[in-house]
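Participant: This note's numbering numbers the first residue of the sequence shown as 1 and each following residue consecutively.
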Amino acid sequence: MSSDLRQALEANDLFAKKSLGQHFLLDLNLTGKIARLAGIQSGETVLEVGPGPGGLTQTLLESPAAQVIVIEKDARFVAHLKEFFKSYGDRLIVIEGDALAMDEASLLRKYEAKGAARLISNLPYNVGTPLLVKWLKAGDWRGPMCLMFQAEVAERICARPGQGAYGRLTVLTAARCNARLAMAVPRLAFVPPPRVESAVVVLENHDHPYADLAALEHVTAQAFGQRRKMLRASLKGLGDCEALLAQAHIDPTARPETVPPEAFFALAKAWRGVAL
C-alpha cells in the first residue's frame, strides 16, 4: 500500500465495516496484477464496484482507461475517494449508491462513456453472486469482466461438468461468458483478513451468447434445487419433463451436475416453447 494512502486512512479513521462485507485490498503489487489481467485498453471506461479506500482504484487510474467510474455504498469512502484522487480530475467519477440497484446503462450514458464498460472489482462477498447474475443479464453497455470473489464462488463460476462445484451459477455464466480462474489471492492480502481465501475470475463475452437467461434461470433452479436426484425427478415442476428432456437430448436418469451447459440451453429453449 502506498504510504500516502495509508496515512489518509489512519488520519480519517477509515476502518472496514463488517456489515458491508468490507475487506480492503491495499497491496499495489496485487492490484497491479489484477489490472493487467483485466486487459484494460486505451480509451475504455472502467466500472468498479466497492472501491473502499481505493487500492484498486489507484491502479485503474494509472491504466490507459479514459475514465474510471466507481460505485461506493459507504459514504465515508465516497468523500475519501473524491479528496484523495482529486488530482485525476474528471477521469475519476465517484457515485454513491447500491450497485445492486444501479442502472449502469443510464449512468454510462450520463457520463458519455464510449463503447462497452469493462467491469473490474474486488466485490464485497455478500453481493458478489447477485451482482454477477445481474451483469450476466446486461445489455451492450457491459464489456469483459475481471472480478474477485470468495474462492468457493470463483470455483463455482468456472467449474466443469462432473466437478463438485459445478452448478447453477456455472451454467448461467457459461450462457454469456467464457470464464477462467486467473489468480488466487490469499486471505492475508486483505485488511482486515477475511476467514476465507479469494480468487480473481476473468470473464470474456461469447460471440454467440444464449439469450434467454430468464428461462435458463427457471430451468436450472428446478434442476439444481434437488441436485442429488435424477433430472426426471427434479424437473417435474416443468410439466412433461420427460418430453422436454427428450427434445433437449438429455438422459432423464442423468443428475444435473453431469449435464453440460449447452444441454441446459437446449432444455431452457424447449421449456420456453411449451411455456409460451
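Using N, Cα and C, we set each Cβ at its ideal position, and we do this for glycine too. Source: prediction; values computed, not measured.
Mapping the DSSP letters down to three states, classify LEU123 as helix, strand or coil.
Facilitator: coil
Participant: What are the boundary residues of the alpha helix (DSSP H) that includes GLY143?
Facilitator: Element bounds for GLY143: not the alpha helix (DSSP H) but the beta strand (DSSP E), 142–150.
Participant: Out of curiosity, what's the CA-to-CA distance linking ASP207 and ASP4?
Facilitator: Here the alpha carbon of ASP207 sits roughly 43 Å from the alpha carbon of ASP4.
Participant: Classify ASN122 as buried or exposed, calling it buried when 16 or more other Cβ atoms lie within 10 Å of its own Cβ.
Facilitator: buried
Participant: Rounded to a whole number of angstroms, what is the C-alpha to C-alpha distance between LEU172 and ALA248?
Facilitator: 17 Å
Participant: Taking the straight line between their C-alpha atoms, what separation do you get for GLU186 and ARG168?
Facilitator: The displayed chain sequence assigns Pro, not Glu, to residue 186. Their Cα atoms are separated by approximately 26 Å.
Participant: Secondary structure at THR45, three-state DSSP: helix, strand or coil?
Facilitator: strand
Participant: Can you tell which of TYR125, PRO124, GLN150, LEU119 has its C-alpha closest to the C-alpha of LEU136?
Facilitator: LEU119
Participant: Suppose you measure from the CA of GLY97 to the CA of ALA159; what does that come to, to the nearest Å?
Facilitator: 32 Å
Participant: As a quick exercise: from ARG228, ALA199, VAL274, pick the residue whose alpha carbon is nearest that of PRO128.
Facilitator: Checking the sequence, you will find Gly at residue 128 rather than Pro. Distance from the Cα of GLY128 is smallest, within the candidate group ARG228, ALA199, VAL274, for ALA199.
Participant: Does the count of Cβ pairs from the segment 231–239 and the segment 254–262 closer than 8 Å reach three?
Facilitator: Judged by Cβ distances under 8 Å, the segment 231–239 makes contact with the segment 254–262, as three or more pairs qualify.
Participant: Can you give me the C-alpha to C-alpha distance between ALA66 and GLY43, rounded to a whole angstrom?
Facilitator: 4 Å
Participant: I'd like to know if GLU155 contacts chain D, where contact means its C-beta is closer than 7 Å to some C-beta of that chain.
Facilitator: In summary, chain D is missing from the structure at hand, where a single protein chain is found.
Participant: Could you pull out every unbroken alpha helix (DSSP H) segment of at least 4 residues lying fully inside the segment 183–241, listed in chain order?
Facilitator: Within the segment 183–241, the runs of alpha helix (DSSP H) that reach at least 4 residues and sit entirely inside it are, in chain order, 213–225, 231–234.
Participant: By the DSSP assignment, the beta strand (DSSP E) with LEU100 in it spans what residues?
Facilitator: Looking at the DSSP string, LEU100 is not in any beta strand (DSSP E), and its letter there is neither H nor E.
Participant: In terms of residues, what are the limits of the beta strand (DSSP E) holding ILE71?
Facilitator: 67–72
Participant: Under 8 Å, with one C-beta from each stretch per pair, do the segment 203–223 and the segment 138–154 reach the 3-pair mark?
Facilitator: Taking a cut-off of 8 Å on C-beta distances, the segment 203–223 touches the segment 138–154, as three or more cross pairs fall below it.
Participant: Just curious, the alpha helix (DSSP H) that LYS82 is in, first and last residue?
Facilitator: 75–84
Participant: Determine the DSSP secondary structure at MET1, reduced to helix, strand or coil.
Facilitator: Caution is warranted here: a pLDDT of 42 is assigned to MET1, below 50, making its placement in the model unreliable, and no coordinate value can be reported.
Participant: Quick one, are the C-beta atoms of ALA99 and VAL49 less than 7 Å apart?
Facilitator: yes
Participant: To the nearest angstrom, how far is it from the Cα of ARG36 to the Cα of PRO124?
Facilitator: 21 Å
Participant: Are the CB atoms of VAL78 and PRO51 within a distance shorter than 7 Å?
Facilitator: no
Participant: Would you call LEU276 buried or exposed, if buried means 16 or more other Cβ atoms sit within 10 Å of its Cβ?
Facilitator: Below a pLDDT of 50, predicted positions are generally treated as unreliable, and LEU276, at 49, falls in that range; the measurement from the model is reported next regardless. With fewer than 16 other Cβ atoms within 10 Å, it is exposed.
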